[in-house]
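Student:
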């Protein structure tokens, strides 16, 4: 029933919530099929196998590889590391967060749910990242970088102004690179769900307006299995850095069996993903996301 509900995600916001747990559905169908075979309920076991197939097909691109990786040829590539982490407004261990960031060797760091108190405690602990653009509202974002900043601004993603992204254009080895940190509305309720989808539309428009290298990272509050996510990728021309690098969860940190990936790094056509991984527990309800991406220099 949950899988069927996910197929009707556009009809009402609760159906879209069911689309996020395809990994769990696939695992449960395997268990059901095995149990039914042992009980000699073969036809029902076949139905479970069909359910497994429907569940697993959208997962395959994240397991078998990213065709974008071989679509663009270049004679020289340099790797840029982007770290994205929802700090969680209740997290008090900024020392551990700072230690992880400093040791990450990231070129840019996107932080979400960073309160004013957390920012005041964290910023002095990040000497490697002296440049930043910060919005400390609950649905705001902060971008820290070790590279010189050419320009920085807050970008409103919603008409109400309640969701604000942070954009930093940094000078990376002589190339201007735009990094946009985002924290989209959580989709519980009709109003919030519509607001989240409008924020995705704003990101699509923003992405289309950019001509140079662009990285968008943060807490999207939806998984790649949502039709709204796939539509945004298709319309914007961006691609997911996690393609081909597994199904690692980023939330919730405390309970792996229901874990889903709602933290993402999206790339413009100028980049190719080299690796994407999930970091350790740092006292948040999210786990960090680290993406290594290569910039094409003809």
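In my numbering, the protein residues as written are 574 to 871. Ideal Cβ placement from N, Cα and C applies to all residues, glycine included. Predicted model, so just to flag it, every value in this text is computed and none were measured.
#1: When we look at the beta-carbon of residue 757 and count the other beta-carbons within 10 Å, is it buried (16 or more) or exposed?
#2: From the DSSP output, read off the bridge partner residues of residue 761.
#3: On a CA-only basis, which of 848, 858, 789 and 819 is nearest residue 828? Give me that one, please.
#4: Keeping to the same chain, check which residues put their C-beta closer than 8 Å to that of residue 645; ignore five residues upstream and five downstream.
#5: Nearest by alpha-carbon distance to residue 806: which of 839, 729, 768 and 712 is it?
#6: Over what stretch of residues does the alpha helix (DSSP H) that includes residue 611 continue unbroken?
#7: CB residue 867 to CB residue 652, shorter than 8 Å?
#8: So is residue 712 buried or exposed if we call it buried at 16+ other beta carbons inside 10 Å?
#9: Does residue 686 come out as helix, strand or coil in the three-state DSSP assignment?
#10: Mark residue 664 as exposed unless 16 or more other C-beta atoms lie within 10 angstroms of its C-beta, in which case mark it buried.
#11: Do the segment 780–787 and the segment 722–738 make contact, defined as three or more Cβ pairs closer than 8 Å?
#12: Between the Cα of residue 729 and the Cα atoms of 743, 744 and 754, which residue gives the shortest distance?
#13: I need the straight-line Cα distance from residue 679 to residue 607, nearest angstrom please.
#14: Could you check what DSSP says for residue 586 in three-state terms: helix, strand or coil?
#15: Mind listing, in chain order, the continuous alpha helix (DSSP H) runs of no fewer than 4 residues lying wholly within the segment 648–736?
#16: Output the boundary residues of the alpha helix (DSSP H) element that contains residue 815.
#17: Looking at residue 683 and residue 716, is the spacing between their C-beta atoms short of 8 Å?
#18: Just the C-alpha distance for residue 603 and residue 854, rounded to the nearest angstrom, thanks.
#19: Evaluate residue 697 with the Cβ neighbour count: other Cβ atoms within 10 Å of its Cβ, from every protein chain shown; 16 or more gives buried, anything less gives exposed.
#20: Can you tell me where the alpha helix (DSSP H) holding residue 844 begins and where it ends?
#21: Just to check my reading of the structure: residue 776 and residue 752 have Cβ atoms closer than 8 Å, yes? What is that Cβ distance to the nearest angstrom?
#22: Helix, strand or coil: which one does DSSP assign to residue 740?
#23: Between which two residues does the beta strand (DSSP E) harbouring residue 789 extend?
#24: Measuring CA to CA, which of 687, 833 and 744 is closest to residue 598?
#25: Contact defined as beta carbons within less than 8 Å: I believe residue 724 pairs with residue 593. What is the distance between those atoms, to the nearest angstrom?
#26: For residue 617, which residues from the same chain have a beta carbon less than 6 Å from its beta carbon, with the 5 sequence-adjacent residues on both sides left out?
#27: Does the Cβ of residue 766 have 16 or more other Cβ atoms within 10 Å, making it buried, or fewer, making it exposed?
#28: Under the rule that 16 or more other beta-carbon atoms within 10 Å means buried, what is residue 861, buried or exposed?
#29: Buried or exposed for residue 742, going by 16 or more other Cβ atoms inside 10 Å?
#30: Using the three-state DSSP reduction, which class does residue 754 fall into: helix, strand or coil?
#31: Quick one: residues in its chain with C-beta nearer than 8 Å to the C-beta of residue 689, no 5 flanking neighbours on either side, listed in chain order?
#32: Just tell me which of 695, 681, 626 and 676 has its CA closest to the CA of residue 666.
Tutor: According to the structure data:
#1: In the chain shown, residue 757 corresponds to position 184, counting from 1. Answer is buried; the Cβ neighbour count reaches 16.
#2: Counted from its first residue, the chain shown places residue 761 at position 188. For residue 761, which the question treats as bridged, DSSP gives no partner whatsoever.
#3: For the purposes of this step, residue 828 is taken as residue 255 along the chain shown, with counting starting at 1. Cα-wise, what sits closest to residue 828 is 858.
#4: On the chain shown, residue 645 is found 72 positions in, with the first residue counted as 1. Residue confidence for residue 645 is low, a pLDDT of 46 falling below 50, so the modelled location carries little weight; the figure read from the coordinates is stated next. So the qualifying residues of the chain are 842, 845 and 869.
#5: Sequence index remark: in the chain shown, residue 806 carries index 233 (1-based). Comparing Cα positions, the closest option is 839.
#6: Translated into positions along the chain shown, residue 611 becomes position 38. Unbroken alpha helix (DSSP H) run through residue 611: 595–611.
#7: As a first step, residue 867 is located in the chain shown; it is residue number 294 there, counting from the start. As a first step, residue 652 is located in the chain shown; it is residue number 79 there, counting from the start. Yes, they are a contact pair.
#8: Here residue 712 is taken as the residue at index 139 of the chain shown, counted from 1. That one is buried.
#9: Within the chain shown, the letter at position 113 stands for residue 686. Note: residue 686 maps to coil in three-state DSSP.
#10: Position 91 of the chain shown, counted from the start, is the residue given in the question as residue 664. That one is buried.
#11: no
#12: Residue numbering aside, residue 729 sits at position 156 when the chain shown is read from its first letter. Cα-wise, what sits closest to residue 729 is 754.
#13: Taking the chain shown and counting its residues from 1, one reaches residue 679 at position 106. Taking the chain shown and counting its residues from 1, one reaches residue 607 at position 34. Cα-Cα distance, rounded: 44 Å.
#14: Taking the chain shown and counting its residues from 1, one reaches residue 586 at position 13. Correct three-state label for residue 586: helix.
#15: 667–677 and 689–695
#16: Here residue 815 corresponds to residue number 242 of the chain shown, with the count starting at 1. Looking at the DSSP string, residue 815 is not in any alpha helix (DSSP H), and its letter there is neither H nor E.
#17: Locating residue 716 in the chain shown gives position 143, where the first residue counts as 1. Locating residue 683 in the chain shown gives position 110, where the first residue counts as 1. Cβ distance < 8 Å, so residue 716 and residue 683 count as in contact.
#18: Numbered from 1 along the chain shown, position 30 holds the residue referred to as residue 603. Numbered from 1 along the chain shown, position 281 holds the residue referred to as residue 854. Between residue 603 and residue 854, the C-alpha separation is close to 29 Å.
#19: The count along the chain shown starts at 1 and reaches residue 697 at position 124. Looking at its Cβ environment, which holds fewer than 16 other Cβ atoms inside 10 Å, residue 697 is exposed.
#20: Taking the chain shown and counting its residues from 1, one reaches residue 844 at position 271. No alpha helix (DSSP H) contains residue 844, which is instead part of the beta strand (DSSP E) from 844–851.
#21: Counted from its first residue, the chain shown places residue 776 at position 203. Counted from its first residue, the chain shown places residue 752 at position 179. In fact, because the Cβ distance is near 13 Å, the residues do not count as touching under 8 Å.
#22: For the purposes of this step, residue 740 is taken as residue 167 along the chain shown, with counting starting at 1. Reduced to three states, the DSSP call for residue 740 is strand.
#23: On the chain shown, position 216 is the one that residue 789 refers to. That run of the beta strand (DSSP E) goes 787–792.
#24: The residue given as residue 598 occupies position 25 in the chain shown. Among 687, 833 and 744, the Cα nearest to that of residue 598 is on 833.
#25: Mapped onto the chain shown, residue 724 falls at position 151. Mapped onto the chain shown, residue 593 falls at position 20. Residue 724 to residue 593, Cβ: 35 Å. No contact.
#26: As a position in the chain shown, residue 617 is number 44, starting the count at 1. Result list for residue 617: 609, in chain order.
#27: As a first step, residue 766 is located in the chain shown; it is residue number 193 there, counting from the start. So residue 766 ends up on the buried side.
#28: For the purposes of this step, residue 861 is taken as the residue at position 288 of the chain shown. Burial call: buried.
#29: In the chain shown, counting from the first residue as 1, residue 742 sits at position 169. Label assigned to residue 742: buried.
#30: Residue 754 sits at position 181 when you count from the first residue of the chain shown. Three-state result, residue 754: strand.
#31: Numbered from 1 along the chain shown, position 116 holds the residue referred to as residue 689. Closer than 8 Å at the Cβ level, and outside the excluded window around residue 689, lie 709.
#32: Within the chain shown, numbered from 1, the residue matching residue 666 stands at position 93. Residue 666 has its Cα closest to that of 695, out of 695, 681, 626 and 676.
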